[in-house]
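Asker: Protein sequences appear in the order of chains L and H. Numbering-wise, my numbering puts 145 at position 145 of the first sequence, and it's gapless, one number per residue. Numbering-wise, my numbering puts 116 at position 116 of the second sequence, and it's gapless, one number per residue. Note that beta-carbon positions come from the ideal geometry of N, C-alpha and C, so glycine has one too.
Protein chains: 2
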Amino acid sequence: MEIPVNTEERIRLAAQHVFQKKGLSGARMQDIADEAGINKAMLHYYFRSKEKLFDLVFLESFQKIFPKINSILTSEDNLFQKIEHFVFEYITVINQNPHLPLFVVNELAKNPELFLQKLFSTNEGAPKVDKLIKQIEEEINKGTILPIKPVNLFLNIISLCVFPYVGKPLVQIILNMDDEQYKGLLEQRKQEVLGFVLNAIKA
Amino acid sequence: MEIPVNTEERIRLAAQHVFQKKGLSGARMQDIADEAGINKAMLHYYFRSKEKLFDLVFLESFQKIFPKINSILTSEDNLFQKIEHFVFEYITVINQNPHLPLFVVNELAKNPELFLQKLFSTNEGAPKVDKLIKQIEEEINKGTILPIKPVNLFLNIISLCVFPYVGKPLVQIILNMDDEQYKGLLEQRKQEVLGFVLNAIKA
DNA sequence: GTCTATATATGGATAGAC
DNA sequence: GTCTATCCATATATAGAC
């Protein structure tokens, strides 16, 4: 994690950090400038406005999640491989950016109107879950897994992967865990989630 | 949902609504005044400052979640009854306040220092999960459920209950569902979550 | 208790020197 | 490109009339 020499990149990283921590309305341009080690005026020189800077950060955050999901969902793996890949890859990504899910979810919730245009104008579009849904239905028909609404299974998997990160502060209070203990809990989630899901669906 | 006649109560409800939707930093006193149908000055007359008003709203939100959880967790039910009660009650509460979990989680994450004093000074304290943990261990020893780290099981249950609400905007994009469809999905989560969990742990 | 008007602080954005 | 100084809009908070 060496500090980039060029100013624009330093600002980008500082903005990412501050926005993810405080959100759009909570972040101060001064905070970003301080963290980047430069002056407030520089932010406007490079990125024009707070909103433009935020849009960039948000889009980049979004793109950290979706392409990888998509490539797994549309792969040629069978259902069980796909679930394993999804769980492992997804938790790995989140582990590298633990504040990312809450940031994305929260800003999406606060700007219900903005996200669509920003997303679909630049991105390849929302993930394609059709193939996974179809695979789930096939396995149910074959009798290899128990009947379940495919959408529910997908939602369950995502919930198990993501919530421990999104809900961290709340769960820590409930379980009375310090940061170190919670980190340990998160580290073995890949195996835990995978095992739990496979148990739940196996016929 | 009739509108209260007395001003203080109107402000409280308006504040709750606006804060839950926009968060502390995103909410404007003017928004709250407008929604309450009174003047900005009134807010300060009754609640002194934005921060004090927020603290009240946040604490009330918090207290909507915890007492009920606690009473279930410490009850004399056996493990399976307890899981069923927890899932049904918890999802019912969230269904009545769908914005509550994201609000609480988000503000907790943004104010890591504030929450402890505010909470523990007024509340009966964090939920007691010890009893549940012990019950899980007992059932594992008896062989009625598969081995699992008790904390993981608890975390899994909460994740399955809460994430569909917290992650709504994101999940809706992924699954390409409109509000009506998503509402339908949420309505059958009680049965879905309970069945999924029981399948996953049954020996 | 409720309003209008105003004070005060904060934060995003720009001007202009270097 | 980078800085300091400043402008200006917005938002919280208060004063004071009714």
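If you draw a straight line from the alpha carbon of H/F86 to that of H/L73, how long is it in whole angstroms?
Answerer: Taking the straight line from one Cα to the other gives about 8 Å.
Asker: What residues from chain L crowd round H/N176, counting only those whose CB sits closer than 7 Å?
Answerer: Going along chain L in sequence order, the residues near H/N176 (Cβ under 7 Å) are A126.
Asker: State the Cα-Cα distance for the pair H/R28 and H/S61, rounded to the nearest angstrom.
Answerer: When rounded, the distance between both Cα atoms is 19 Å.
Asker: Classify H/V197 as buried or exposed, calling it buried when 16 or more other Cβ atoms lie within 10 Å of its own Cβ.
Answerer: Buried.
Asker: Which chain H residues sit within Cβ distance under 9 Å of L/A200?
Answerer: The contacting residues are G195, F196, V197, L198, N199, A200 and I201.
Asker: Would you mind giving the Cβ-Cβ distance between L/I69 and L/P150, rounded to the nearest angstrom? I have them listed as a contact below 8 Å.
Answerer: Rounded, the Cβ-Cβ distance is 16 Å, inconsistent with contact.
Asker: Specify whether the segment 127-139 of chain H and the segment 98-117 of chain H touch according to this definition: at least 3 beta carbon pairs, one from each stretch, less than 8 Å apart.
Answerer: Verdict: no, contact absent.
Asker: Please confirm if the segment 162-170 of chain H is in contact with the segment 154-170 of chain L, defined as three or more CB-CB distances below 8 Å between the two stretches.
Answerer: Result yes; three or more Cβ-Cβ pairs closer than 8 Å.
Asker: Taking all protein chains shown into account, decide if L/I91 is buried (16 or more other Cβ within 10 angstroms of its Cβ) or exposed.
Answerer: Buried, by the Cβ-count rule.
Asker: What are the boundary residues of the alpha helix (DSSP H) that includes H/H44?
Answerer: It spans K40 to F47 - the alpha helix (DSSP H) in which H/H44 sits, taken as one unbroken run.
Asker: Which of the three DSSP states, helix, strand or coil, is assigned to L/I239?
Answerer: Residue numbering for chain L in the displayed model covers 1 to 203; residue 239 of chain L lies beyond these limits and cannot be assessed.
Asker: Leaving out five residues before and five after H/F47 in sequence, what residues of the same chain have Cβ atoms less than 6 Å from its Cβ?
Answerer: If we look at H/F47 and ignore the five residues flanking it on each side, its Cβ neighbours are L53.
Asker: Since L/K202 sits in a beta bridge, which residues does DSSP pair it with?
Answerer: DSSP, once it has assigned bridges, lists L/I145 as partnering L/K202.
Asker: Among H/V105, H/I3, H/R189 and H/F154, which residue has its Cα nearest to the Cα of H/K82?
Answerer: It is H/F154 whose Cα lies nearest to the Cα of H/K82.
Asker: Go ahead and pull the three-state DSSP assignment for L/M177.
Answerer: Of the three classes helix, strand and coil, the one that applies to L/M177 here is coil, per DSSP.
Asker: Looking only at its chain, what residues have a beta carbon closer than 7 Å to the beta carbon of L/K21, apart from the 5 residues adjacent to it on each side?
Answerer: The residues are H99.
Asker: Thinking C-beta only, is H/R10 closer than 8 Å to H/A41?
Answerer: No; because the gap between Cβ atoms is not below 8 Å, this pair is not in contact.
Asker: How about H/V162: is its C-beta nearer than 8 Å to some C-beta of chain L?
Answerer: Output row for H/V162: interface = yes.
Asker: Could you tell me whether the Cβ of L/E84 comes closer than 8 Å to any Cβ of chain H?
Answerer: Not closer than 8 Å to any Cβ of chain H, the Cβ of L/E84 fails to qualify, so no.
Asker: So, at 8 Å on beta carbons, what are the nonlocal neighbours of H/Q16 in its own chain, with the 5 sequence-adjacent residues on each side left out?
Answerer: So the qualifying residues of the chain are V57, E60 and S61.
Asker: For the segment 81-106 of chain H, enumerate the residues whose C-beta is nearer than 7 Å to any C-beta of chain L, in chain order.
Answerer: So the close ones are L102, V104, V105 and N106.
Asker: Do you know how far the Cα of L/I3 is from the Cα of L/D34?
Answerer: Each residue's alpha carbon lies about 14 Å from the other.
Asker: Whole-angstrom Cβ separation of H/G26 and L/S25, contact assumed at under 8 Å?
Answerer: 4 Å between Cβ atoms; contact.
Asker: Below 8 Å between beta carbons: does that hold for H/I65 and H/V18?
Answerer: No, they are not a contact pair.
Asker: Do H/Y182 and H/Q191 have their beta-carbon atoms positioned less than 8 Å apart in this structure?
Answerer: Not in contact: H/Q191 and H/Y182 (Cβ atoms no closer than 8 Å).
Asker: Roughly how far, in whole angstroms, is the beta-carbon of H/I145 from the beta-carbon of H/K202, given that I think they are within contact range, below 8 Å?
Answerer: Yes, they are in contact, since the Cβ atoms of H/I145 and H/K202 sit about 6 Å apart, within 8 Å.
Asker: Let's see if you can read the secondary structure: which residues bound the alpha helix (DSSP H) around L/H17?
Answerer: Its alpha helix (DSSP H) spans residues T7 to G26.
Asker: Rounded to whole angstroms, what is the Cα-Cα separation between L/Y45 and L/T7?
Answerer: Their Cα atoms are separated by approximately 11 Å.
Asker: So what does DSSP say about H/D77, is it helix, strand or coil?
Answerer: Coil.
Asker: Please state the DSSP three-state secondary structure of H/I3.
Answerer: It is coil, neither helix nor strand.
Asker: On a Cα-Cα basis, can you pick out the residue from L/N156, L/N39 and L/K110 that is closest to L/L194?
Answerer: Per the Cα distances, L/N156.
Asker: For L/V129, go through chain H and note every residue whose CB falls closer than 9 Å to its CB, in chain order.
Answerer: Under the 9 Å cutoff, chain H gives I174, L175 and N176.
Asker: Smallest Cα separation from L/N78: which of L/E139, L/R12 and L/G143?
Answerer: L/N78 has its Cα closest to that of L/E139, out of L/E139, L/R12 and L/G143.
Asker: Answer yes or no: does any C-beta atom of chain H fall closer than 8 Å to that of L/V5?
Answerer: Cβ-Cβ to chain H under 8 Å: no for L/V5.
Asker: Quick one: what's got a C-beta closer than 7 Å to L/E89's C-beta in the same chain, skipping five residues either side?
Answerer: Answer for L/E89: K68 and I72, listed in chain order.
Asker: Determine, using beta carbons only, whether H/A109 and L/L185 come nearer to each other than 8 Å.
Answerer: No.
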